[in-house]
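What follows is a set of notes on a single structure, which appears directly below.
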């Protein structure tokens, strides 16, 4: 930490970073619970995830306000300013990730008593990957670790491939058994929410590069996704 | 290549390998910097880093100090101001200066502004009156003082006195205005008034400002240079210096980790 001259700025940044970590934990937990609510068809747990999303949203605003106050009162510059600007952007991405977790739980509620179309194989893999990417990207941000951020961003390809596999499989089922369209669509929604998380993590990784280098770089360089859905 | 750069219209002052000594003490070390026409260049750095010494080299104000030695070149519109036979009165008319503390003459408001033009033998009474009015309008002081031009300059507030000093500089038609912490004695509102003024003035003048106030440098300047222990550590576009400094010492200074 810096000298006493920057005590207020350092204190403010530390608090913001702690809140950011807390937000990450809340989303990590929301993702894990949303999967469990899908696997167990647990509507009470699904409601819990949807309710807790409000706390995630509130924490986002709290962090944004703290950033605003630091800019107004401490006039941060250079890497401090870049970090604060990055965090303001990152919390918007995190907040959306919370929405995606809640989106899975909302789908669970919509499914009602309809049985799952098929055993869940790739969706749990996507959740695992999403959580790993989420944790890694925020850690890379706090550590100013550009190589790690790039590595995390590159894993978005795995996410896209998993999504593509699910998409292809479900479309094939729907073509074969039109009566299953409803149930297939539910799973497609869940997979789509998870695929979006990968994109948000890529945004965060881009911010890590920005914090360290000052460059805005698009890390999401990949082949066109299927059916324009990626 | 070097030659072409010097003849570019935008370049007002070119400093090449400037060394400056107060007796045995080397206060400036190999400073090279290009100051562009109609821009505001801010010089920042901790106390004693050489930024004011550097500023005072630009119109040879340091010549008045015994035992100083200057090496290197300072070219004003391509002309070396340290050459033999340089007309110092003309130089200081072309490169005017505003100081940390407002220093009006113990004269009336009118006579403060008219002093320079009179010495330079500029025109008749009517022309001088016009020049005083124009200069006071240029520093946004005319409306406040037009009915009390014979009042003693010291009756003005500090902020008004500083603007009067700026009007005094403008009245002799300078090309470059050097400002050595012009707002350090002023309150925030008077400071902002000077800053607004600087934005107007840069349309016609080249301004170099030394400031302790980093936020002021960030607010007003087009380019910023960081001085550190007599060296120019980094010089670049102001937004780059404050958002993406290239040098570690700049990063440390602007973020308050150093100095």
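Residue numbers (our numbering), protein chains in the order written: chain A, 199 to 428; chain B, 217 to 475.
Glycine residues also receive a C-beta, built at the ideal position from the N, C-alpha and C atoms.
Does the beta carbon of residue 280 (chain A) come closer than 8 Å to any beta carbon on chain B? yes
Does residue 157 (chain B) come within less than 8 Å of chain A when only Cβ atoms are used? In the structure displayed, chain B extends from 217 to 475; residue 157 (chain B) sits before or after that span and is not available.
Nearest to residue 439 (chain A) (by Cα), restricted to the options A:368, A:399, A:321: Residue numbering for chain A in the displayed model covers 199 to 428; residue 439 (chain A) lies beyond these limits and cannot be assessed.
Report all residues from its chain with a CB closer than 6 Å to the CB of residue 418 (chain A); omit the five preceding and five following residues, and keep chain order. Same-chain partners within the cutoff: 400.
Helix, strand or coil: which one does DSSP assign to residue 461 (chain B)? coil
List the endpoints of the continuous beta strand (DSSP E) containing residue 252 (chain B). 241-252
Under a Cβ-count criterion, where at least 16 other Cβ atoms within 10 Å of its own Cβ denotes burial, should residue 244 (chain A) be classed as buried or exposed? buried
Please give me, in chain order, every unbroken run of the alpha helix (DSSP H) with length at least 4 that falls completely inside the region 391-460 of chain B. 404-417, 430-436, 454-459
On the CB-based measure, 16 or more other CB atoms within 10 Å of its CB, does residue 341 (chain B) come out buried or exposed? Around the beta-carbon of residue 341 (chain B), fewer than 16 other beta-carbon atoms lie within 10 Å, marking it exposed.
Under a Cβ-count criterion, where at least 16 other Cβ atoms within 10 Å of its own Cβ denotes burial, should residue 272 (chain A) be classed as buried or exposed? buried
As an exercise, report each continuous alpha helix (DSSP H) stretch of at least 4 residues that is fully enclosed by the region 220-303 of chain A, in chain order. 241-272
Which same chain residues, not among the five before or five after residue 337 (chain A), have their C-beta less than 8 Å away from its C-beta? 343, 346
Taking DSSP's pairing of strands, which residues face residue 237 (chain B) in a bridge? Answer by DSSP bridge pairing, in chain order: B:242, B:285.
Could you check what DSSP says for residue 312 (chain A) in three-state terms: helix, strand or coil? Correct three-state label for residue 312 (chain A): coil.
Residues of the region 253-279 of chain A whose Cβ lies closer than 7 Å to any Cβ of chain B, in chain order: 273, 275, 276, 277, 278, 279
Straight-line gap, residue 469 (chain B) to residue 288 (chain B) (C-alpha atoms, nearest Å): 27 Å
Does residue 296 (chain B) come out as helix, strand or coil in the three-state DSSP assignment? Per DSSP, reduced to three states, the secondary structure at residue 296 (chain B) is strand.
Is the beta carbon of residue 356 (chain B) less than 8 Å from the beta carbon of residue 409 (chain B)? yes
Under a three-way DSSP split, which group does residue 311 (chain B) fall into? strand
What whole-angstrom Cβ distance do residue 422 (chain B) and residue 442 (chain B) have, given they're in contact under 8 Å? So it is not a contact: roughly 20 Å between Cβ atoms.
In chain order, what residues of the same chain have a beta carbon less than 6 Å from the beta carbon of residue 387 (chain B), not counting five sequence neighbours either side? Here the set comprises 329, 332, 333, 347, 351.
Check whether the Cβ of residue 210 (chain A) lies closer than 8 Å to any Cβ atom in chain B. So no, residue 210 (chain A) is outside the interface.
Determine the chain B residues that contact residue 203 (chain A) at a beta-carbon separation under 7 Å, and present them in chain order. 472
The alpha helix (DSSP H) spanning residue 258 (chain B) covers which residue range? No alpha helix (DSSP H) holds residue 258 (chain B); the beta strand (DSSP E) holding it covers 256-260.
How far does the alpha helix (DSSP H) with residue 380 (chain A) in it reach, from first residue to last? 379-411
Whose C-alpha, out of B:302, B:233, B:267, B:283, is nearest the C-alpha of residue 239 (chain B)? Nearest to residue 239 (chain B) by C-alpha distance, out of B:302, B:233, B:267, B:283, is B:283.
What is the DSSP secondary structure of residue 227 (chain B), reduced to helix, strand or coil? strand
Compute the distance between the beta-carbons of residue 350 (chain A) and residue 299 (chain A), then report whether it is under 8 Å. The answer is no: Cβ separation not under 8 Å.
Between residue 464 (chain B) and chain A, is there a C-beta pair that is closer than 8 Å? no
List the residues of chain E that residue 461 (chain B) touches, going by C-beta distances under 7 Å, in chain order. Of the protein chains in this structure, namely A and B, none is chain E.
Along the region 408-441 of chain B, what residues have a CB closer than 7 Å to any CB found in chain A? 431
Under 8 Å between C-beta atoms, does residue 467 (chain B) make it to chain A? yes
Listing by chain order, which chain A residues have their CB less than 7 Å from the CB of residue 458 (chain B)? 275, 276
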